[in-house]
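Novice:
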Amino acid sequence: MIDFHCHSSFSDGELAPEALLQKAIDAKVTILALTDHDTTAGLLPLHQAAKGQAIKIIDGIELSVRWKKYDIHIIGLRINPESSILCDLIVRQNENRMIRAQQISMHLEACGIKDAYQKAAEIAGHERVSRPHFAQVLMNEGKVPTMQAAFKQFLGRGRKAYVPTAWASVEEVVAAIVGAGGQAVIAHPLKYALTQSKLHELIIAFRMAGGVGIEVVSGAATVLQANYLAGICNRFKLLASTGSDYHGDTYSYITLGRQPPLPVNCIPIWQQWIIE
Ligand code: AMP
Ligand code: MN
Ligand code: MN
Ligand code: MN
């Protein structure tokens with residue numbers, strides 16, 4: 072099994088890299104990319120845990136992008152985590168993440184939740200607070216019954232506590248990934264509720280910037296969705312990636328490496344790789 076998209080507790084995943092690795096080994100994953108949101112901090116402990124194990128680790132990241140009014144995610148695979156262009160971008164992204172978190176916290180305060188940032192940071196175990204951490208605060212305070220409801224009522228685009236974030240542009244993010252020696256992949260292209268023409272526009276901008284792939288299979292995608300995205304790969308000459316987008320057992324639809332297979336009529340992004 073191959074899994075090029077998952078999260079550890081260094082971003083909004085539940086498991087520490089060591090536990091994530093064990094989960095991957097148990098699920099018979101042979102090549103795993105850790106793709107935490109806007110951070111590479113989990114890669115070193117993951118590599119250390121994987122020493123001597125029959126699993127290959129790919130250095131990855133999932134970077135947030137502001138494109139028009141949308142928050143888009145772009146995955147970097149086989150990046151050098153020490154690349155200065157990438158490290159500079161990560162610093163900037165996390166400054167903006169923290170500014171946004173303070174603003175979200177203020178909105179939640181107005182909804183009767185005190186110290187939401189501190190509470191979310193405590194749940195996260197770090198200061199790079201993501202919306203799922205705020206969702207957990209909302210659930211703990213009895214404001215919403217589920218994570219989905221937290222996004223629907225408070226955190227999703229246009230809702231009470233939504234704050235647009237000054238994420239980097241498609242061009243900046245792809246340049247940082249390519250500058251770090253990696254390959255850029257649009258994560259879960261069908262999750263942004265883009266019209267077909269908007270999706271094509273995004274893909275053209277991404278291709279022009281030097282992006283090479285899209286996630287054809289993501290999480291619990293249907294065969295219909297995967298076939299549609301395989302068609303997009305052929306039309307726009309893109310490579311195909313695959314990943315579970317696993318965040319831990321509580322909130323993920325599927326576990327590591329259990330996503331449906333890639334359609335046969337697309338080129339796997341790892342086809343030309345020599346993996347050491
Ligand atoms: P952030 O990076 O802080 O904007 O948070 C984005 C993360 O929130 C995503 O990576 C998902 O893990 C999670 N997420 C986004 N939308 C939803 C939703 N509707 N329901 C549950 N989780 C969501
Ligand atoms: Mn996430
Ligand atoms: Mn994502
Ligand atoms: Mn993800």
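The opening position of the sequence shown corresponds to residue 72 in this note's numbering, with each subsequent residue numbered one higher. Even for Gly, the Cβ is constructed at its ideal location relative to N, Cα and C.
#1: When you compare each of 157, 99 and 203 to residue 329 by their alpha carbons, which one comes out closest?
#2: Is the closest heavy atom of ligand 3 to the C-beta of residue 316 under 7 Å?
#3: Within the present structure, is the beta-carbon of residue 118 separated from the nearest heavy atom of ligand 3 by less than 7 Å?
#4: Counting Cβ pairs closer than 8 Å, one from the stretch 125-137 and one from the stretch 90-104, do we hit at least three?
#5: Cβ atoms of residue 141 and residue 299: under 8 Å apart, would you say?
#6: If we count Cβ pairs, one from each stretch, closer than 8 Å, do we get three or more for the stretch 234-254 versus the stretch 200-207?
#7: Can residue 197 be considered in contact with ligand 6, in the sense that its beta carbon sits closer than 7 Å to one or more heavy atoms?
#8: Looking only at C-alpha atoms, which of 185, 221, 104 and 136 sits nearest to residue 150?
#9: Who sits around ligand 3, taking every residue whose Cβ is closer than 5 Å to one of its heavy atoms?
#10: Just how far apart, CA to CA, sit residue 294 and residue 305?
#11: Have a look at 198, 230 and 214 and flag the residue whose alpha-carbon is nearest the alpha-carbon of residue 110.
#12: Measure the C-alpha to C-alpha separation of residue 220 and residue 180 and round it to an integer number of angstroms.
#13: Just confirm the distance between the C-beta atoms of residue 256 and residue 146, as a whole number of angstroms; I'd bet it's less than 8 Å.
Specialist: Reading off the structure:
#1: 99
#2: yes
#3: no
#4: yes
#5: no
#6: no
#7: This structure lacks ligand 6; its bound ligands are ligand 1, ligand 2, ligand 3 and ligand 4.
#8: 104
#9: 144 and 258
#10: 17 Å
#11: 198
#12: 18 Å
#13: 4 Å
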